[in-house]
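K.L.:
Numbering (my numbering), first residue to last: 61 to 141. I'd like to ask you about the structure that follows.
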């Protein structure tokens with residue numbers, strides 16, 4: 061069991077992994093998150109372009125280090141992970 065939030069997306073940007081810590085931080089269970097668009101569902105519109113850019117580059121092997129991902133919680137709060 062990881063003590064860090066871990067999530068994954070497929071090539072379409074849909075959530076394919078959502079661990080217990082991510083669920084704890086966001087308030088969204090794994091079953092609620094799976095298959096949803098990470099950017100369109102869990103990222104505020106203000107940050108969507110930059111997050112999309114980082115994720116697209118990562119899918120093509122261009123890693124970005126130390127990027128804080130601004131996820132929304134179920135309560136509507138922003139959490140940077």
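Cβ coordinates follow ideal geometry from the N, Cα and C atoms, glycine included. Predicted model, so just to flag it, every value in this text is computed and none were measured.
1) With H, G and I counted as helix, E and B as strand and the rest as coil, what does DSSP make of residue 140?
2) Would you mind working out which of 120, 115, 135 and 137 sits nearest residue 127, comparing C-alpha positions?
3) Just to confirm my understanding: we take residue 89, look at its own chain, exclude 5 residues before and 5 after, and list those with CB closer than 6 Å. What are they?
4) How many Å lie between residue 137 and residue 121 at the Cα?
5) For residue 74, name the three-state secondary structure that DSSP assigns.
P.N.:
With the given structure in hand:
1) Per DSSP, reduced to three states, the secondary structure at residue 140 is strand.
2) Ranking the options by Cα distance to residue 127, first place goes to 115.
3) Non-local C-beta neighbours of residue 89 in its own chain, meaning closer than 6 Å and more than five positions away in sequence, comprise 83, ordered along the chain.
4) Near 31 Å, if we compare the C-alpha coordinates of residue 121 and residue 137.
5) Looking at residue 74 - three-state DSSP - the assignment turns out to be strand.
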